[in-house]
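Residue numbers (full-length UniProt numbering): 1 to 118.
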């Protein structure tokens, strides 16, 4: 009887460890945030445009941030030039900078971003 009980206890501990690992994985997957940042106005806004983003829930460590151009509105008679930057990423937020140069008529630019915990 004792050997069977020892086997069951060992199996129970193994299941509890697996469950703890899975709970941690779920917590990690839930640790993400996303949003849209930018400006779109007429008359044309002044450039560069910068905006700080504060995460709703701070991350345990600096998150990985991905982003892409979400909206671009330019005058059709000029060359289209735009830069997008995400900088100063911390556990609590990030900084976004959108800019243009030369004679580009930029009426709007927005980015969509996602921050994911480690």
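Every residue, glycine too, gets a C-beta built ideally from N, C-alpha and C.
Cβ pair residue i, residue j closer than 8 Å
i           : j           : result
residue 92  : residue 48  : no
residue 115 : residue 23  : no
residue 37  : residue 111 : yes
residue 35  : residue 101 : no
residue 107 : residue 74  : yes
Proximal residues to residue i (C-beta, below 6 Å), its chain only, five neighbours per side dropped
i           : result
residue 45  : 39
residue 95  : 52, 87, 88
residue 50  : 97
residue 109 : 38, 72, 82, 98
Same chain, Cβ closer than 7 Å to residue i, five either side skipped, listed in chain order
i          : result
residue 55 : 33, 92, 93, 115
CB-CB length for residue i against residue j, believed under 8 Å
i          : j          : result
residue 98 : residue 82 : 7 Å
residue 60 : residue 78 : So it is not a contact: roughly 45 Å between Cβ atoms.
Buried/exposed call for residue i, threshold 16 Cβ in 10 Å
i          : result
residue 8  : exposed
residue 84 : buried
residue 67 : buried
Contacting residues, own chain, Cβ-Cβ under 8 Å from residue i (five flanking each side not counted)
i          : result
residue 90 : 62
residue 27 : none
residue 16 : none
residue 41 : 107, 108
Problem set entry | Sequence ranges, beta strand (DSSP E) only - wholly within the stretch 7 to 46, length at least 3 | The qualifying runs are 32 to 40.
For this session: Give, in chain order, every unbroken run of the beta strand (DSSP E) that is at least 3 residues long and sits entirely within the UniProt domain "H-type lectin" (50 to 115).
Result: For the UniProt domain "H-type lectin" (50 to 115), whole beta strand (DSSP E) runs of length 3 or above, ordered along the chain, are 64 to 74, 83 to 87, 93 to 99.
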